[in-house]
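Protein chains in written order, with this note's numbering: chain A, 1258 to 1411; chain B, 1258 to 1411.
There are 2 protein chains.
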Amino acid sequence: MKNTYQRLTLVIILSTVCLSGYTQNANQEKQAILAQARAFSQAFMDKNTDKIMDIYTKDASIFPNRRKIMSDREAIRKYWSFNPKVKNLHHKLMPEKVEIVGNTAYDYGYYEGTTEYNGRQNNFRGKYVVVWKKTGGVWKMYLDIWNSVQMKKK
Amino acid sequence: MKNTYQRLTLVIILSTVCLSGYTQNANQEKQAILAQARAFSQAFMDKNTDKIMDIYTKDASIFPNRRKIMSDREAIRKYWSFNPKVKNLHHKLMPEKVEIVGNTAYDYGYYEGTTEYNGRQNNFRGKYVVVWKKTGGVWKMYLDIWNSVQMKKK
């Protein structure tokens, strides 16, 4: 009888461990992802390419409009390199939903930003889907795709 | 000693069950997703809006370029409705990678297609990221985002 009880306890413990991969600290994980998203915007505004690269996994792919899929890390670094003449950058992500499945997550939402070049302001606005992976305890972007949302004409 | 052995066996069995959610029939699941991707292309070529809608989850969102995120099912249906004058449609998906995490999956790759309107051919080419969910035993698209790849000028 004792053994049956012990085994049942073991089954319950293991089942809980099994499920906890999905549910444990879900909100904490979500906050960690949102913090990384904000860190990306800050790195963009700081023109900090190294920091941006640190928010992508080593095997990340990005999907800029009109270009082929970029999976080469140096190509991604070049894409996120900033012209020294570009200034007064603004960048903001507005996540609509974050969902976590184990060590993978995805989120989607809107983004908006501004760059200024030779005194001329460029405003952009769009929507994105990001697939995240938790690697070495840190959430990083694995797939990053976006496209525009039409700006209202002034 | 026998009990220790039995308990160890139980741990191994439960651990295997626990992990199998990720790995069991992975290739079979991948093939099911790719079959749905081909079914989407076929439905596009058949101008079969009902079939396209059946490949999206009830709570799907699509991210067409220049538009806001579309989560309303009737809006998605309208987006994928075809002008009767459009004919000779071609559509092909070229998946680069499919990854499955439990009942969620994502894939990305390229697509290409053609439409013809009033004798004028329109060729399009792009790349996509899709987040899939297995619902009622069937893989369906939950998030569908794409953008263009520049066509070579002739």
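Beta carbons are placed, not taken as given, at the ideal position from N, Cα and C, and that holds for glycine.
A quick note: this is a predicted structure, and the numbers were derived from the prediction, not measured.
One or two residues paired with residue i in a DSSP bridge
i, result
"A:Met1302", "None, per the DSSP bridge assignment."
"B:Glu1369", "B:Lys1349, B:Arg1382"
"B:Arg1377", "B:Tyr1374"
"B:Lys1390", "B:Thr1361, B:Lys1397"
"A:Asn1282", "Answer is none; A:Asn1282 lacks a bridge partner."
"B:Phe1320", "B:Ile1402"
"A:Tyr1313", "A:Met1398"
Proximal residues to residue i (C-beta, below 7 Å), its chain only, five neighbours per side dropped
i, result
"A:Gln1378", "Thr1371"
"A:Ile1357", "Ala1283, Glu1286, Lys1287"
"B:Ser1328", "Ser1318"
"A:His1347", "Met1302, Gly1370, Thr1371"
Test: residue i CB closer than 8 Å to a CB of chain B
i, result
"A:Leu1267", "yes"
"A:Glu1353", "yes"
"A:Ile1326", "yes"
"A:Ile1363", "Position check: residue 1363 of chain A holds Tyr in this sequence, whereas Ile was assumed. Interface residue, yes."
"A:Gly1416", "Residue numbering for chain A in the displayed model covers 1258 to 1411; residue 1416 of chain A lies beyond these limits and cannot be assessed."
"A:Lys1315", "no"
CB contact below 8 Å: residue i versus chain A
i, result
"B:Leu1400", "yes"
"B:Lys1391", "no"
"B:Lys1409", "no"
"B:Lys1384", "yes"
"B:Gly1370", "no"
"B:Asn1282", "no"
"B:Val1343", "no"
"B:Val1395", "no"
"B:Asn1260", "yes"
"B:Asn1322", "yes"
"B:Arg1264", "yes"
"B:Asn1404", "yes"
Sub-8 Å separation of residue i and residue j beta-carbons
i, j, result
"B:Ile1333", "B:Ile1312", "no"
"B:Tyr1212", "B:Lys1354", "Shown here, chain B extends from 1258 to 1411; a query on residue 1212 of chain B therefore has no answer."
"B:Ala1360", "B:Lys1390", "What sits at residue 1360 of chain B in the sequence shown is Asn, not Ala. In contact: B:Asn1360 and B:Lys1390 (Cβ atoms closer than 8 Å)."
"B:Arg1382", "B:Val1406", "yes"
"A:Tyr1368", "A:Ala1317", "no"
"B:Ile1326", "A:Lys1384", "yes"
"A:Asn1404", "A:Asn1322", "yes"
"B:Arg1264", "A:Leu1265", "no"
Residues near residue i in its chain [Cβ-Cβ closer than 6 Å; skip 5 each side]
i, result
"B:Asn1380", "Thr1371"
"B:Thr1392", "Thr1314"
"A:Arg1324", "none"
"A:Lys1304", "Phe1339"
"B:Ile1402", "Phe1320, Val1386"
Beta-carbon proximity list for residue i, same chain, < 8 Å, skipping 5 on both sides
i, result
"B:Ile1309", "Phe1297, Ala1300, Phe1301, Trp1337"
"A:Pro1352", "Leu1291, Ala1294, Asp1364, Tyr1365, Gly1366"
"B:Asp1307", "none"
Check: residue i C-beta below 7 Å from any heavy atom of the ligand ADP
i, result
"B:Gly1370", "Questions concerning the ligand ADP fall outside what the structure shown contains, since it holds no ligand whatsoever."
Practice prompt. Counting only runs of 3+ residues fully inside the region 1323–1361 of chain A, write out the beta strand (DSSP E) ranges in chain order.
Written response: The qualifying runs are 1343–1358.
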